[in-house]
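Participant:
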Amino acid sequence: MPQFLIMSVITGILFLISWGAIVYLIIQTRKLKSQLLLLQQISMANEVKLKEVDDEFHEIHTGSQALGRKVKELVVSIKGLREQHQQLAEQYPQSRFYLNAVKLITDGASLEEVMRECDLPRAEAELLFNLHQS
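Position one of the sequence shown corresponds to residue 5 (the numbering used here), numbered consecutively onward.
1. So within the segment 23-97, which uninterrupted alpha helix (DSSP H) runs reach at least 4 residues, ignoring any that extend past its ends?
2. Excluding five sequence neighbours on each side, which residues of the same chain lie with their C-beta closer than 8 Å to the C-beta of A93?
3. Out of N134, Q95, P97, state which residue places its alpha-carbon closest to the alpha-carbon of S114.
4. Does DSSP put S114 in a helix, a strand or coil?
5. What does a CB cutoff of less than 7 Å around H136 pick up in its chain, not counting 5 residues either side in sequence?
6. Going by the C-beta, is L132 closer than 7 Å to any heavy atom of the ligand NAD?
7. Within 10 angstroms of its Cβ, does L78 collect 16 or more other Cβ (buried), or is it exposed?
8. Please list, in chain order, all residues of the same chain as Q44 whose beta carbon is under 7 Å from its beta carbon, the five residues on each side excluded.
9. So, helix, strand or coil for L135, using DSSP?
10. Would you decide whether A25 is buried or exposed? Buried here means 16 or more other CB atoms lie within 10 Å of its CB.
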């Protein structure tokens, strides 16, 4: 009989240990499930943010391409205007006085300085001042 009693006690202890292990595993499984759910939520939020950043990048990239094309168009336009300006200056050499006067005015020269440097009458110098003085 003592052997039966010892076996019963050992079986009871093993039964309690097994139940303890099962309860521990259930608790750990629930913790892991809640952590997994949290990680899935974080992952979904990161995917949304990544999509937003990707959309913004696409907008910026598209805008920069359009801006690059516009800059190229402006460079070509400026080159054409410079050529036209040069042609006009060559066709009308007297315009050199007016161009020089405009430069002096934008650089802050006085009316008298413009008249003297460019050999312009007062009325013409005043007209240029009215048109180009900031």
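Backbone N, C-alpha and C define an ideal beta-carbon position, used for all residues, glycine too.
Facilitator: Once the coordinates are examined:
1. none
2. For the purposes of this step, residue 93 is taken as the residue at position 89 of the sequence shown. Around A93: S99, R100, L103.
3. Stepping through the sequence shown from its first residue, residue 114 is reached at position 110. Among N134, Q95, P97, the Cα nearest to that of S114 is on N134.
4. For the purposes of this step, residue 114 is taken as residue 110 along the sequence shown, with counting starting at 1. Looking at S114 - three-state DSSP - the assignment turns out to be coil, as it is neither helix nor strand.
5. Against the sequence shown, residue 136 aligns to sequence position 132. The answer, listed in chain order, is V106, I109, T110.
6. As for the ligand NAD, it is missing from this structure, which has no ligand bound.
7. The residue you call residue 78 lines up with position 74 of the sequence shown. Its Cβ having fewer than 16 others within 10 Å, L78 is exposed.
8. Walking along the sequence shown from the start, residue 44 turns up at place 40. Excluding positions up to five away in sequence, the list is empty.
9. Numbered from 1 along the sequence shown, position 131 holds the residue referred to as residue 135. Note: L135 maps to helix in three-state DSSP.
10. Your numbering for residue 25 matches position 21 in the sequence shown. With fewer than 16 Cβ atoms within 10 Å of its Cβ, A25 is classed as exposed.
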